[in-house]
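Residue numbers for the sequence shown follow the numbering used here, so the first one is 70 and each next one is one higher.
Positions of the beta carbon are idealized from the N, C-alpha and C atoms, including for glycine.
In what follows, a single structure is set out as structure tokens and then discussed.
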Amino acid sequence: MTLRISVLALSAALAACQPGGGPADTSGGSTTQASVTAETASPRVRELVAQMTLAEKLGQLHQAAGGRSRNLNSRLTPDELDRVRRGEIGSYLHVAGAAPLGELQQVAVEESRLGIPLLFAMDVVHGYRTIFPVPIAMASTWDPEDLERASRIAAEEASAAGLHWTFAPMIDIARDPRWGRIVEGAGSDPYLGARIAVAQIEGFQSDNLAAGDTLMATAKHFGAYGAPIGGRDYGTADISERNLHEIYLPPFHAASEAGSASMMTAFNDIAGVPSTSNEHLIDGVLRGEWGFDGLIVSDWNAIAELINHGVADTRADAGELALRAGVDMDMTSNVFAQDLATAIEADPGLMADLDRAVMHVLTAKERLGLFDNPMAYHDPEREAAAMLTDAARAEARRIAARSVVLLENRGSALPLGPDAGRIAVIGALAEDASTQLGSWRARGTPETVTGLLQGLRQGAPAGVEITYEAGASPTSDDLSGIAAAIAAAEAADQVILVVGEDYDLSGEARSRSSLYMPDSQRALARAVLDTGRPVTVVLVSGRPLAIPDIAERADAVLASWMLGVEAGPALADVIFGRVSPAGRLPVSFPRTTGQAPFTYSENPGGRPADPDLSRDSNRFHDLPITPLYAFGHGLSYSEFEYGDIRLDADSVAPGDTIRLTIPVTNTGDRAADEVVQLYMRDPVASVARPRLELRGFARLALGAGETRSVSFILDPAQFAVFQAPGDWRIEAGSVDLHVGASSSDLRQSVTVTVSEAGRSRSPAASIATRIEVE
Numbered sequence: 070m071t072l073r074i075s076v077l078a079l080s081a082a083l084a085a086c087q088p089g090g091g092p093a094d095t096s097g098g099s100t101t102q103a104s105v106t107a108e109t110a111s112p113r114v115r116e117l118v119a120q121m122t123l124a125e126k127l128g129q130l131h132q133a134a135g136g137r138s139r140n141l142n143s144r145l146t147p148d149e150l151d152r153v154r155r156g157e158i159g160s161y162l163h164v165a166g167a168a169p170l171g172e173l174q175q176v177a178v179e180e181s182r183l184g185i186p187l188l189f190a191m192d193v194v195h196g197y198r199t200i201f202p203v204p205i206a207m208a209s210t211w212d213p214e215d216l217e218r219a220s221r222i223a224a225e226e227a228s229a230a231g232l233h234w235t236f237a238p239m240i241d242i243a244r245d246p247r248w249g250r251i252v253e254g255a256g257s258d259p260y261l262g263a264r265i266a267v268a269q270i271e272g273f274q275s276d277n278l279a280a281g282d283t284l285m286a287t288a289k290h291f292g293a294y295g296a297p298i299g300g301r302d303y304g305t306a307d308i309s310e311r312n313l314h315e316i317y318l319p320p321f322h323a324a325s326e327a328g329s330a331s332m333m334t335a336f337n338d339i340a341g342v343p344s345t346s347n348e349h350l351i352d353g354v355l356r357g358e359w360g361f362d363g364l365i366v367s368d369w370n371a372i373a374e375l376i377n378h379g380v381a382d383t384r385a386d387a388g389e390l391a392l393r394a395g396v397d398m399d400m401t402s403n404v405f406a407q408d409l410a411t412a413i414e415a416d417p418g419l420m421a422d423l424d425r426a427v428m429h430v431l432t433a434k435e436r437l438g439l440f441d442n443p444m445a446y447h448d449p450e451r452e453a454a455a456m457l458t459d460a461a462r463a464e465a466r467r468i469a470a471r472s473v474v475l476l477e478n479r480g481s482a483l484p485l486g487p488d489a490g491r492i493a494v495i496g497a498l499a500e501d502a503s504t505q506l507g508s509w510r511a512r513g514t515p516e517t518v519t520g521l522l523q524g525l526r527q528g529a530p531a532g533v534e535i536t537y538e539a540g541a542s543p544t545s546d547d548l549s550g551i552a553a554a555i556a557a558a559e560a561a562d563q564v565i566l567v568v569g570e571d572y573d574l575s576g577e578a579r580s581r582s583s584l585y586m587p588d589s590q591r592a593l594a595r596a597v598l599d600t601g602r603p604v605t606v607v608l609v610s611g612r613p614l615a616i617p618d619i620a621e622r623a624d625a626v627l628a629s630w631m632l633g634v635e636a637g638p639a640l641a642d643v644i645f646g647r648v649s650p651a652g653r654l655p656v657s658f659p660r661t662t663g664q665a666p667f668t669y670s671e672n673p674g675g676r677p678a679d680p681d682l683s684r685d686s687n688r689f690h691d692l693p694i695t696p697l698y699a700f701g702h703g704l705s706y707s708e709f710e711y712g713d714i715r716l717d718a719d720s721v722a723p724g725d726t727i728r729l730t731i732p733v734t735n736t737g738d739r740a741a742d743e744v745v746q747l748y749m750r751d752p753v754a755s756v757a758r759p760r761l762e763l764r765g766f767a768r769l770a771l772g773a774g775e776t777r778s779v780s781f782i783l784d785p786a787q788f789a790v791f792q793a794p795g796d797w798r799i800e801a802g803s804v805d806l807h808v809g810a811s812s813s814d815l816r817q818s819v820t821v822t823v824s825e826a827g828r829s830r831s832p833a834a835s836i837a838t839r840i841e842v843e
């Protein structure tokens, strides 16, 4: 038996929970509106739906694989062309190429009965041909403009190759680094995640989705996909409703407000309800409360997998559940195309859900301009000119350098100057170009990558000699090269030790039980550190790693992540001091696997963690109460001083704003960036609140000795507490605001008063803080 919650029942329940005469909604948040219907669809869409047969409607909801991610277009056989002519396909994924997709599109618009164009899609996650750093690395820039620029270049390249649609950005909040897909997102914080989500969507879609050089963005994976038990991919997210709405959903709300043209449901279930059949979440919250009217697509084969979840007995049952929940397009499982007709025959009332889904698909194609100019994406000359341009590579290098996080720098070991002498670069990952591409590399290829070793050789100052030894493979237990690595280190003045994870240890279905580096990499690191030479560790990874020994013994540690096609030049820019590192961690680094998941924003509990072991408190007895590196951490080649906070008022009422201004001075002798971070704490509330919550940030470029002031303009709705979907309570009382260089390095604090209660419709962490820099 399947239990369904209707949208009407949900709305009635929400209405019943609103107290009469309660505080007014003063947030100016999102306005609830219906999804695309016969009343709101364009005349063209309504006319097409009226003409379509059942088979043609089902065809529009079917997304077929035109190949595999590493073998594109391989399934585009003559039989596929016949299916297009019969109107049996609405979209293809794993396809690319202006010319071959142009031929396919021409068949659709000229030889099918209704001439409906196809949608062509691919996972263009962090670049198409010009591969930028992996998303967790770009999130480390703490600069949404970098993410927007990278997404804009990806859209220009991918659209030139015939693509209309990307399955990005992945905006799942991830607090357990054992989860392999943490590499694809913005880390552990809902506010940072929301701001980065908006930037990527704006980059992909620009300000005119029909411009012909855009990609339809997909905010994924709707639900709480980043919270599986134990970090095991695809697993249950057993979380509270409060955590769902305060932590995991705010980036999706921000994406909806930013106009994301599509969203993807997640593989997982939340407390037993699979996201792909979650009518409350999709139709109730996403469409009903937030007013999202874009296209909703399932993940790969996820509709058929409702049977595995145990909520559907047959494929027809699975299709019915997904359609009723609000899923519009079926990615590859063929359930909608092959089995949904059976469900509709049994329950003709499903035709209304079917028509709504078809209207969403057709509206997406209309918004892309495909009905008016279906061949806009199919110019081979444009495709040839758009790929891997010098300007794109320059942006990739700039953003990669801004992604690097300086974790340790004892005695100002970095940067290395012209007097560095002989440098031994050790570690096979230094010449592994493929790993620098990371996962979901679209059309990026290793031969387009300037690897770490190559970049260091090219970028070293005159007179600096670079030697190299692989030492040990990151993908095997072969330690035979360690002796040569030790000899090279002992013969050098400086060592750059490149260790970490091969790209294939991060990504989808790449969850790991241990956050330590592979044994071969740990053995190599111990051997090189034992030489006593000055060692800079370059940590290559797609997730936070537990590196306590390296943190304690190395002279400098750089988290380089996986930096894309310009990885080597970008790393050289940082190591040799042409760029002062200013990357900041978007997720904490644990001391050991057993410390994960760990976040700066946990509730303190009744016995908050205390460093004094004689006190019973919320901690592990065998570890300090802090992570190895905290959320927001990152060092610089300069130093910064924070002045006193100025407030434009001591209190604020719902509907008004309050301005917090703080001067920041570069007290060093070189230009550098500082990332100024604003955190809040609600010390007394109706429910327990987190120790800290990020509510603003600004990356400042400061010359030597320069002072600039940053103003954060806050709305009391950003302090609100979740009550129910669409019901966020602004509580009267005091709120503490802290400004500093990381969640563990707070420099200045102030208390403001919210003068009266109010209500908001928007998740607090989804609301952007306005930033002004003087």
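Worksheet item: Using DSSP with H/G/I as helix, E/B as strand and the rest coil, what is aspartate 725?
Response: coil
Item to complete: Please confirm if tyrosine 711 has its CB atom under 8 angstroms from at least one CB of chain C.
Response: Absence of chain C from the displayed structure is noted, only one protein chain being present.
Worksheet item: Are at least three pairs of beta-carbons, each pair with one atom in the region 203 to 217 and one in the region 634 to 648, less than 8 angstroms apart?
Response: no
Worksheet entry | Completely contained beta strand (DSSP E) runs for the region 578 to 627, where each covers 3 or more residues | 604 to 609
Discussion item. I need the straight-line Cα distance from tyrosine 669 to leucine 769, nearest angstrom please.
Written reply: 23 angstroms
Worksheet entry | Member of Val648, Val606 and Arg198 whose CA lies at the smallest distance from the CA of valine 852 | Nothing can be reported for residue 852: it is not among the residues displayed for the chain, which extend from 70 to 843.
Discussion item. Considering only their Cβ atoms, is the gap separating glycine 128 from glutamate 166 smaller than 8 angstroms?
Written reply: Per the sequence presented here, residue 166 reads as glycine, with glutamate not at that position. Taking 8 angstroms as the Cβ cut-off, glycine 166 and glycine 128 do not qualify as a contacting pair.
Discussion item. Quick check: aspartate 148 and proline 666, are their CB atoms within less than 8 angstroms of each other?
Written reply: no
Practice prompt. Starting from glutamate 116, follow the alpha helix (DSSP H) in both directions and report where the run begins and ends.
Written response: 112 to 120
Worksheet item: Does the Cβ of leucine 682 have 16 or more other Cβ atoms within 10 Å, making it buried, or fewer, making it exposed?
Response: exposed
Item to complete: Determine the closest residue to valine 790 out of Glu743, Gly765 and Asp751, with distance taken between C-alpha atoms.
Response: Asp751
Practice prompt. Compare the Cα-Cα distances from serine 472 to each of Ala255, Arg221 and Ala110 and report the closest residue.
Written response: Ala255
Worksheet entry | Between the CA atoms of isoleucine 694 and leucine 663 - distance to the nearest angstrom | First, the amino acid is wrong: residue 663 is glycine here, not leucine. Glycine 663 and isoleucine 694: Cα-Cα distance of roughly 13 angstroms.
Discussion item. My output table needs one value for alanine 103: the three-state DSSP class, helix, strand or coil.
Written reply: With a pLDDT of 47 at alanine 103, under the threshold of 50, the modelled position of that residue is not reliable, and the figure given next carries that caveat. Three-state DSSP puts alanine 103 in coil, outside helix and strand.
Discussion item. I'd like to know if the region 313 to 330 and the region 378 to 397 are in contact, where contact means that at least 3 CB-CB pairs between them fall below 8 angstroms.
Written reply: no
Discussion item. In this structure, how does DSSP classify isoleucine 413 when only helix, strand and coil are distinguished?
Written reply: helix
Worksheet item: With 16 other CB atoms within 10 Å as the buried threshold, where does threonine 287 fall?
Response: buried
Worksheet item: When DSSP labels each residue in this structure, what does asparagine 735 get in the three-state scheme?
Response: strand
Worksheet item: What is the DSSP secondary structure of alanine 741, counted as helix, strand or coil?
Response: strand
Item to complete: Under 8 angstroms by Cβ, that's how I've got proline 650 and leucine 475 pegged, so tell me the actual separation to the nearest angstrom.
Response: 4 angstroms
Fill in: Three-state class that DSSP yields for leucine 783 in the structure shown
strand
Worksheet item: leucine 216 lies in the beta strand (DSSP E); which residues open and close that run?
Response: Not the beta strand (DSSP E): leucine 216 falls in the alpha helix (DSSP H), residues 213 to 229.
Worksheet item: Mapping DSSP to helix, strand and coil, what is isoleucine 308?
Response: coil
Discussion item. If you reduce the DSSP assignment to three classes, tell me which class histidine 378 lands in.
Written reply: helix
Worksheet item: Counting pairs of beta carbons, one from the region 592 to 599 and one from the region 546 to 562, are three or more of them closer than 8 angstroms?
Response: yes
Worksheet item: Based on Cα-Cα distance, which residue from Glu577, Asp424, Ala394 and Leu598 lies nearest to alanine 620?
Response: Leu598
Practice prompt. Please name the residue, chosen from Ser138, Ala722 and Leu763, that lies closest to alanine 263 on a Cα-to-Cα basis.
Written response: Leu763
Practice prompt. May I ask you to verify whether the region 729 to 743 touches the region 702 to 719, counting CB pairs closer than 8 angstroms and requiring at least 3?
Written response: yes
Discussion item. Below 8 angstroms, how does it come out for the region 186 to 201 and the region 506 to 523: are there three or more Cβ pairs, yes or no?
Written reply: yes
Discussion item. Quick test of your reading: alanine 558 and isoleucine 495, contact by CB under 8 angstroms. State the CB separation rounded to the nearest angstrom.
Written reply: 6 angstroms
Worksheet entry | Option nearest phenylalanine 405 by Cα separation, candidates Ala426, Gly418 and Pro417 | Ala426
Item to complete: Please go through the region 279 to 347 and give each complete beta strand (DSSP E) segment of 3 or more residues, from N-terminal end onward.
Response: 287 to 291 and 331 to 334
Worksheet item: With which residues is aspartate 399 paired in a DSSP beta bridge?
Response: His131
Item to complete: Work out the CA separation of leucine 485 and alanine 493 for me, nearest whole Å.
Response: 13 angstroms
Worksheet entry | Local Cβ density within 10 Å of valine 779, reported as buried at 16 or more and exposed below that | buried
Discussion item. Check whether the region 236 to 250 and the region 282 to 297 are in contact - that is, three or more C-beta pairs closer than 8 angstroms.
Written reply: yes
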